[in-house]
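First the structure, in the form of C-alpha cells, and then the observations on it.
Residue numbers (our numbering): 701 to 1022.
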C-alpha cells in the first residue's frame, strides 16, 4: 500500500485502461432487491457500483467491476457469497452475470453508456471525448469516470449536485469525503467554491479524480488527497486517517456521497466539528428506508436537518450546524 498521499502515483495499481476487467451485473424489475445489493457491490467492486434505471423498461441494472486476475478472485467469491445470503431475504433477486472486458472493450463499455447530463439549473456533466457547446450561464464539468464511482447518472450523485447548487455559497471552503471520480468537488469549484479538499481511500479513485481536476483546469481550486476522515478507518486500501488541521479546516461545507454506515460512523466520530457555525453537510448514498437513522445521527451531532430530497429508492439530507 502507498505510505503517503505523495507516494500514490508510484505505488497505486495500474490505470483501469491498462487492465482486463470482469463486469458483474444484475438486471431486474425487483428494484428494492437491487438497492439492497448495492452495499455488496460497493464493498467488493473496484471504484464503487452503479445502479441505473433502464429507460422505458421498468427495470434497473446494478453493475460493478473486478480485476480479471487472481486479485479479483477473492472479491468474486465474497460477492457471490453475500448475494446468496441476500437472496434468502429477496428471492426475486436474480443471479449475477459476469462478462470479461479486455482493455479496449472496457474503455468502450463505459463510453457507450455515458452521455451529457443536464442537472439542476446550470450544471452540465460532459464526457471529455464529446464536443459540447455550453448554453449561456451553464457550468460545464468534463469527466472521464474510469473505474471511479460518480458520472452524474446515479440518483445519489444527481441529488448531491442539485443540493450543492442550492446551498453552496461563493467563496466556500468545501470538503468532499469519498470523492470517487471527483465530480462533486469539480462541480463545487465550478459553482464558486474557493477551495475544495477531496478525499478518497481508493487509489484508483484518487488517480481518476486528479485526472478530472486537471481536465477541467481546476488544479488551483481542488486538491485531491488519498485518505479518509475519522470513522473511515475500516477501508480495504489502508488509507490514512487525516486530521482537520492538516486539511486546512474547518470548512463551510462538507459533502459525503457514501453509504449509510460510513456516514453514521463519521458523524459519530466528530465530522460535524469540521464545520464552522452555520456550515452545511450534504450527505447521500443511503436508501429512503435508512434516512431516519441518518437524520437522527445528524441531530445527535448538532446538525439541524434543513432539507431532504429523494430520487427513486435513494435519499439525501442537508444538515446545518448551529
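Positions of the beta carbon are idealized from the N, C-alpha and C atoms, including for glycine. What you are looking at is a predicted structure, and each value in this text was computed from that prediction instead of being measured.
Residue i in three-state terms, based on DSSP
i           : result
residue 772 : helix
residue 869 : coil
residue 820 : coil
residue 815 : coil
residue 981 : strand
residue 677 : With the chain running from 701 to 1022 in the structure shown, residue 677 is simply not present.
residue 766 : strand
Residue environment, residue i, which counts as buried when at least 16 other CB atoms sit within 10 Å
i            : result
residue 771  : exposed
residue 729  : exposed
residue 870  : exposed
residue 876  : buried
residue 645  : It is not possible to answer for residue 645, since the shown part of the chain is limited to 701 through 1022.
residue 799  : exposed
residue 1022 : exposed
residue 991  : buried
residue 997  : buried
residue 723  : buried
residue 704  : Because the pLDDT of residue 704 is 39, which lies under 50, any placement of that residue in the model is unreliable, and the number read from its coordinates should be weighed accordingly. By the neighbour-count rule (16 or more Cβ atoms within 10 Å), residue 704 is not buried but exposed.
Same chain, Cβ closer than 7 Å to residue i, five either side skipped, listed in chain order
i           : result
residue 935 : 901 and 928
residue 889 : 896, 918, 921 and 922
residue 887 : 823, 841, 861 and 864
residue 995 : 1005 and 1017
Cross-strand partners of residue i (DSSP beta bridge)
i           : result
residue 986 : 1015
residue 834 : Answer is none; residue 834 lacks a bridge partner.
residue 928 : 941
residue 953 : 874 and 980
residue 998 : According to DSSP, which records beta bridges pairwise, residue 998 is partnered with nothing at all.
residue 760 : 728 and 753
Beta-carbon proximity list for residue i, same chain, < 6 Å, skipping 5 on both sides
i            : result
residue 828  : 842, 844 and 915
residue 965  : 931
residue 884  : 860, 876 and 955
residue 1009 : 859 and 1016
residue 987  : 735 and 1013
Inter-residue CB distance, residue i and residue j (contact presumed, cutoff 8 Å)
i            : j            : result
residue 1034 : residue 879  : Only positions 701 to 1022 of the chain appear in this structure, which leaves residue 1034 out of reach.
residue 962  : residue 1002 : Actually they are not in contact, since the Cβ atoms of residue 962 and residue 1002 sit about 19 Å apart, beyond 8 Å.
residue 744  : residue 768  : That pair is no contact at about 14 Å.
Close-in-space but distant-in-sequence residues of the same chain around residue i (CB under 8 Å, 5 per side omitted)
i           : result
residue 941 : 927, 928, 929, 930, 932 and 933
residue 867 : 953, 980, 982, 1007 and 1018
residue 948 : 873, 895 and 897
residue 754 : 727, 760 and 761
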